[in-house]
Amino acid sequence: MMDRRVFIIVLDSMGIGQAPDAALFSDEGSDTLGAIRDHENFYCPVLKSMGLFNIEGVGGGTAAPTASFARLREKSMGKDTTIGHWEIAGLVSPEPLPTYPEGFPDEVIREFEEKTGRKVLCNKPYSGTDVIRDYGKQHVETGDLIVYTSADSVFQIAAHEDVVPVPELYRICETAREILKGKHGVGRVIARPFTGEWPYVRTANRHDFSLYPPANTMLDLLSASGFETLSVGKIYDIFAGKGVSEMNRIRNNHEGMLKTLEMADRDFCGLCFVNLVDFDMLYGHRNDVAGYAKAMTEFDRDLEMLLPKLRDDDLLIITADHGCDPGTPSTDHSRECVPMLLYGKHVKAGIDLGIRDTYADISASVLSYFGVSQGNTAGTEFLSDTLSLAGKLPENAPDDETLMRIAKEMRSRSYAPYSRFTVGAALLTAEGKVYTGCNIENATYTPTVCAERTAFFKAVSEGERHFAKIAIAGGREGEDGDFCAPCGVCRQVMAEFCDPDFILLLGKPGDVKEYRLSEVLPFMFTGESL
Ligand code: THU
1 MMDRRVFIIV LDSMGIGQAP DAALFSDEGS DTLGAIRDHE NFYCPVLKSM GLFNIEGVGG
61 GTAAPTASFA RLREKSMGKD TTIGHWEIAG LVSPEPLPTY PEGFPDEVIR EFEEKTGRKV
121 LCNKPYSGTD VIRDYGKQHV ETGDLIVYTS ADSVFQIAAH EDVVPVPELY RICETAREIL
181 KGKHGVGRVI ARPFTGEWPY VRTANRHDFS LYPPANTMLD LLSASGFETL SVGKIYDIFA
241 GKGVSEMNRI RNNHEGMLKT LEMADRDFCG LCFVNLVDFD MLYGHRNDVA GYAKAMTEFD
301 RDLEMLLPKL RDDDLLIITA DHGCDPGTPS TDHSRECVPM LLYGKHVKAG IDLGIRDTYA
361 DISASVLSYF GVSQGNTAGT EFLSDTLSLA GKLPENAPDD ETLMRIAKEM RSRSYAPYSR
421 FTVGAALLTA EGKVYTGCNI ENATYTPTVC AERTAFFKAV SEGERHFAKI AIAGGREGED
481 GDFCAPCGVC RQVMAEFCDP DFILLLGKPG DVKEYRLSEV LPFMFTGESL
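Letter by letter, the sequence shown follows residues 1 to 530 of my numbering.
Now the structure itself:
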């Protein structure tokens with residue numbers, strides 16, 4: 001359990017085609033990947049080999065994809081970066097974040113002016129480069145702040161670094177963040193400093209002040225369970241630091257991938273959550289098809305370097321938070337489905353995990369991989385449909401004969417004064433650890449627990465969730481015994497915690513027969529049935 005790592009890379013705005021409710025967002029026909037995939041700058045053999053084009057509705061897939069894949073719909077009522085990432089992390093937002101196509105209302109601006117002691121210029125949706133060209137001089141002369149928004153839920157404040165020093169601008173943003181809560185809880189307050197002479201240039205000191213997530217996400221649940229939650233790029237800001245154990249800032253996609261490669265070389269246990277924002281910020285919003293295509297090609301090259309660094313127990317998930325089709329007249333985000341590629345040594349190649357209702361299935365899967373309960377977070381895990389932990393056991397894991405010998409030895413611990421039928425079990429976890437059990441009877445008979453369940457409950461109560469095999473040995477007391485098939489209740493317990501490939505070793509040392517759980521319990525009733 002302790003060396004598991006999950007890497008999630010969010011290709012910001014890399015949608016794969018309109019969502020079923022795209023019309024509600026005036027985004028019918030939007031398809032970000034569709035807009036760039038045929039451009040000459042686009043060459044992504046690694047993503048292709050993983051199965052990006054095998055995802056339903058994408059088209060042009062490879063014959064033997066190496067990853068499992070799915071098409072994810074967004075359940076939240078938004079197409080914003082914040083809401084998209086929150087949903088990936090298990091938090092669905094039924095209401096969109098507020099937007100201000102007419103500018104911010106008087107009550108907000110008045111309070112902002114009072115608390116900052118500076119007047120406001122502009123106050124409408126504007127392009128970030130145009131706004132400093134059109135209002136920059138007035139700002140420099142008066143010290144008034146340029147406040148503008150976009151189609152996103154953002155309150156942006158532009159100021160010249162010589163007029164409002166960067167630390168002061170950040171304090172002003174914090175003041176705005178305090179004001180913009182509840183009804184006016186915009187996704188982000190953004191500091192947009194600029195410098196130089198007219199027409200001015202923006203500096204790299206942009207800083208986002210995000211809305212605090214209104215509920216726990218997988219990040220909180222993971223960190224509360226002692227797992228590391230490393231963030232690369234915008235992730236820290238998007239979650240306002242909530243549940244994030246480490247922040248790593250980056251200046252562009254390539255730096256983000258270099259940082260991710262660095263993480264892959266590091267020993268940690270937990271999640272590394274990466275956002276690559278160039279796709280959205282530099283190309284999607286600017287309708288730059290050629291640039292977007294080239295950025296994908298560059299990402300694909302970096303991805304090729306990451307794959308060999310992944311360790312046996314690592315999972316890699318590649319996804320997106322919304323679309324931003326550079327091929328449509330709109331320069332705003334688009335309501336699209338996003339890709340989900342799941343890759344790792346334990347992940348079965350080429351499993352189509354279908355069209356899924358929420359990005360939160362990622363969160364549910366990550367939590368299940370770490371054996372952490374979902375709590376109030378949303379989503380349905382998909383790992384059990386594709387993870388094959390059996391057969392990928394560590395080299396020092398006991399072999400089948402040894403496991404059966406342990407099971408047989410466990411019969412001597414059996415407490416079976418009533419039936420005089422003794423059973424022993426040896427349960428092997430995916431990490432190669434053995435949990436043993438024997439049957440324990442009771443004078444009133446019904447509280448009797450079988451050997452298999454004893455082993456399972458010991459393991460589960462120690463935090464184990466991933467199992468490879470169980471050896472079972474049983475028979476009449478004093479007799480060597482032979483084949484002891486598990487009872488129906490134990491099979492049902494196995495169905496709860498194991499995938500259908502889970503192996504049962506039945507028989508005795510020297511004569512061990514192997515069965516799959518799916519063979520001994522067809523038509524399983526599981527949590528999925530509910
Ligand atoms: N028993 C087990 O421990 N495992 C099985 O798979 C079958 C039955 C135990 C329960 C009870 O103590 C005794 O065997 C007789 O049913």
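Glycine included, every Cβ here is placed at the ideal spot set by N, Cα and C. Remember, it's a predicted structure, so these values are computed and weren't measured experimentally.
Alpha carbon to alpha carbon, how far is W86 from E431? Give it in angstroms, no decimals. As a first step, residue 431 must be located in the sequence shown, where it is residue number 431. As a first step, residue 86 must be located in the sequence shown, where it is residue number 86. E431 and W86 have their C-alpha atoms some 31 Å from each other.
DSSP state of G15 mapped onto helix, strand, coil: As a first step, residue 15 must be located in the sequence shown, where it is residue number 15. If DSSP states are grouped into helix, strand and coil, G15 belongs with coil.
Given that a residue counts as buried once 16 or more other Cβ atoms are within 10 Å of its Cβ, and exposed if not, what is D300? To locate residue 300, count along the sequence shown from 1; it is residue 300. Buried, since its Cβ has 16 or more Cβ neighbours within 10 Å.
Minimum length 4: unbroken alpha helix (DSSP H) runs contained in the region 196-275: Within the region 196-275, the runs of alpha helix (DSSP H) at least 4 residues long that lie entirely inside it are, in chain order, 218-224, 235-238 and 253-264.
Alpha carbon to alpha carbon, how far is S419 from T444? Residue numbering aside, residue 419 sits at position 419 when the sequence shown is read from its first letter. Residue numbering aside, residue 444 sits at position 444 when the sequence shown is read from its first letter. Between S419 and T444, the C-alpha separation is close to 12 Å.
C-alpha distance - L33 paired with D325, whole-angstrom precision: The residue given as residue 33 occupies position 33 in the sequence shown. The residue given as residue 325 occupies position 325 in the sequence shown. Whole-angstrom Cα-Cα distance: 8 Å.
The ligand THU heavy atom lying under 7 Å from the CB of I470: On the sequence shown, position 470 is the one that residue 470 refers to. The closest heavy atom of the ligand THU lies 7 Å or more from the beta carbon of I470.
Taking only heavy atoms of the ligand THU into account, decide whether any of them is closer than 7 Å to the Cβ of Y448. The residue labelled residue 448 in the question sits at position 448 within the sequence shown. Here residue 448 turns out to be Thr, not Tyr, going by the sequence shown. Taking non-hydrogen atoms of the ligand THU into account, the C-beta of T448 is found less than 7 Å away from one of them.
Are M404 and A471 close, meaning C-beta to C-beta below 8 Å? The residue given as residue 404 occupies position 404 in the sequence shown. The residue given as residue 471 occupies position 471 in the sequence shown. Yes. Within cutoff.
Excluding five sequence neighbours on each side, which residues of the same chain lie with their C-beta closer than 7 Å to the C-beta of A390? Here the question's residue 390 lines up with position 390 in the sequence shown. Because the pLDDT at A390 is just 49, under 50, the model does not fix this residue reliably, and the point stays unresolved.
Across the region 14-22 and the region 312-323, are there enough close Cβ pairs to call them in contact, namely three or more that are closer than 8 Å? The answer is yes - the region 312-323 touches the region 14-22, with three or more Cβ pairs under 8 Å.
Mind listing, in chain order, the continuous alpha helix (DSSP H) runs of no fewer than 4 residues lying wholly within the region 29-107? For the region 29-107, whole alpha helix (DSSP H) runs of length 4 or above, ordered along the chain, are 32-36, 45-50 and 81-88.
What did DSSP end up calling G527 once you bin it into helix, strand or coil? Along the sequence shown, read from residue 1 onward, the residue named residue 527 stands at position 527. In the structure shown, G527 adopts helical secondary structure according to DSSP, grouped into three states.
Looking only at its chain, what residues have a beta carbon closer than 6 Å to the beta carbon of E246, apart from the 5 residues adjacent to it on each side? The residue given as residue 246 occupies position 246 in the sequence shown. Answer for E246: L230, listed in chain order.
Contact belief for L530 with T377 at Cβ below 8 Å, rounded distance in angstroms: For the purposes of this step, residue 530 is identified with residue 530 of the sequence shown, where counting begins at 1. For the purposes of this step, residue 377 is identified with residue 377 of the sequence shown, where counting begins at 1. So it is not a contact: roughly 18 Å between Cβ atoms.
Quick one: Cα of T575 to Cα of V434, how far? The displayed coordinates of the chain run from 1 to 530. Any statement about residue 575 would go beyond what the structure contains.
Strand pairing of E336, partner residues [DSSP]: Walking along the sequence shown from the start, residue 336 turns up at place 336. Looking at the DSSP assignment, E336 forms a beta bridge with Q18.
For the ligand THU, is there a heavy atom less than 7 Å away from the beta-carbon of F502? Mapped onto the sequence shown, residue 502 falls at position 502. For the ligand THU, no non-hydrogen atom lies closer than 7 Å to the CB of F502.
Contacting residues, own chain, Cβ-Cβ under 6 Å from D361 (five flanking each side not counted): Walking along the sequence shown from the start, residue 361 turns up at place 361. Answer for D361: G379, T380 and F382, listed in chain order.
Measuring CA to CA, which of N396, Y292, M524 and T422 is closest to A451? Residue numbering aside, residue 451 sits at position 451 when the sequence shown is read from its first letter. For A451, the nearest C-alpha among the options comes from T422.
Helix, strand or coil for E514 per DSSP? Counted from its first residue, the sequence shown places residue 514 at position 514. Three-state DSSP puts E514 in a strand.
For L506, the three-state DSSP class (helix, strand or coil): Against the sequence shown, residue 506 aligns to sequence position 506. L506 carries a strand assignment under DSSP once its states are collapsed to helix, strand and coil.
Contact belief for T386 with I351 at Cβ below 8 Å, rounded distance in angstroms: In the sequence shown, the residue the question calls residue 386 occupies position 386. In the sequence shown, the residue the question calls residue 351 occupies position 351. Going by Cβ atoms, the distance from T386 to I351 rounds to 4 Å, so yes, they are a contact pair.
Nearest candidate by alpha-carbon position, reference F112, set R4, L303, V189 and L211: If you number the sequence shown from 1, residue 112 lands on position 112. Relative to the Cα of F112, the nearest Cα in the group R4, L303, V189 and L211 belongs to V189.
If you reduce the DSSP assignment to three classes, tell me which class C438 lands in. As a working mapping, residue 438 is identified with position 438 in the sequence shown. Residue state for C438 is assigned as strand, using DSSP reduced to three classes.
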